[in-house]
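Sequential numbering of the sequence shown, starting at 45, is according to my numbering.
Heads up, the beta-carbon is just placed ideally off N, CA and C, and yes, glycines get one too.
Below: the structure, in structure tokens.
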Amino acid sequence: MAFSQKFTLRRKHKEVTVELAQLNREMALRMIALAHETGEIGPLIDAVNTLRSSEELYSQDTAQIDTARIQKKLGDVLLNVGKNENDSDAIEAAITAYRGAITIASMLGAQNLRLDARKSYTLAMKYLGKDEAPQMVSLMGVA
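The following block contains the structure:
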């Protein structure tokens, strides 16, 4: 009986975690749409923070490649804004987005996405004058 309850609770936890990650992705996408409508970068930075806040919930079973792709694209947009408008906050947010994309891509074995995000991360670090990127640790211990 106890084993059955434990299994049921673990399954329910996994379902809730997947649902929470989906809600965070939807909220991030709405923030992106808001940024597009208003021309403001604040919602883009909020979208990055929303996606990153749910990373602690991810496991190899619950992480979604779409989340990594969204973070990579957010990073690309924020890096371009940061370069064009000399906005270090946008570049810092891009770095955060790239880190999230790298972490999830590493967990899922999406090597092409991981390598693309690493290149973009290195470029963003250079724009901030941080040529030497710190060693990043993903949820799996490898970045």
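(request) With a threshold of 16 other CB atoms inside 10 Å of the CB of Asn68, please say whether the residue is buried or exposed. (result) Here residue 68 is taken as the residue at index 24 of the sequence shown, counted from 1. Answer is buried; the Cβ neighbour count reaches 16.
(request) Inspect the beta-carbon positions of Leu157 and Arg113 and report whether they are closer than 8 Å. (result) Numbered from 1 along the sequence shown, position 113 holds the residue referred to as residue 157. Numbered from 1 along the sequence shown, position 69 holds the residue referred to as residue 113. Yes, these two residues count as a Cβ contact at 8 Å.
(request) Measure from the alpha carbon of Glu129 to the alpha carbon of each residue in His57, Phe51, Ile85, then state which is nearest. (result) As a position in the sequence shown, residue 129 is number 85, starting the count at 1. Out of His57, Phe51, Ile85, Ile85 has the C-alpha closest to the C-alpha of Glu129.
(message) For a test of the three-state rule: what should DSSP assign to Leu123, helix, strand or coil?
(response) Counting from 1 along the sequence shown, the entry for residue 123 is found at position 79. Reduced to three states, the DSSP call for Leu123 is helix.
(request) Apply the 10 Å Cβ neighbour rule to Ala116 and answer buried if 16 or more other Cβ atoms are within range, or exposed otherwise. (result) Locating residue 116 in the sequence shown gives position 72, counting from the first residue. Inspection of the sequence shows that residue 116 is occupied by Lys rather than by Ala. Result: buried.
(message) Under DSSP, the alpha helix (DSSP H) around Asp89 begins and ends at which residues?
(response) Taking the sequence shown and counting its residues from 1, the one referred to as residue 89 is at position 45. The sequence given here has Ile at residue 89, not Asp. First-last of the alpha helix (DSSP H) with Ile89: 86-97.
(message) Using the Cβ count rule (16 or more neighbours within 10 Å means buried), how would you classify Arg55?
(response) Sequence index remark: in the sequence shown, residue 55 carries index 11 (1-based). When all chains shown are included, Arg55 counts as exposed.
(request) Go through its chain and collect everything with a Cβ distance to Lys50's Cβ below 8 Å, but skip five positions before and after it. (result) Looking up residue 50 in the sequence shown gives position 6. Excluding positions up to five away in sequence, the list is empty.
(request) Specify the secondary structure class of Leu172 as computed by DSSP and reduced to three states. (result) Stepping through the sequence shown from its first residue, residue 172 is reached at position 128. The answer is coil: DSSP assigns Leu172 none of H, G, I, E or B.
(message) Using 8 Å as the threshold, is the C-beta distance between Ala168 and Ile146 below it?
(response) Reading the sequence shown from its first residue, position 124 is the one you call residue 168. Reading the sequence shown from its first residue, position 102 is the one you call residue 146. For Ala168 and Ile146, no; Cβs fall outside 8 Å.
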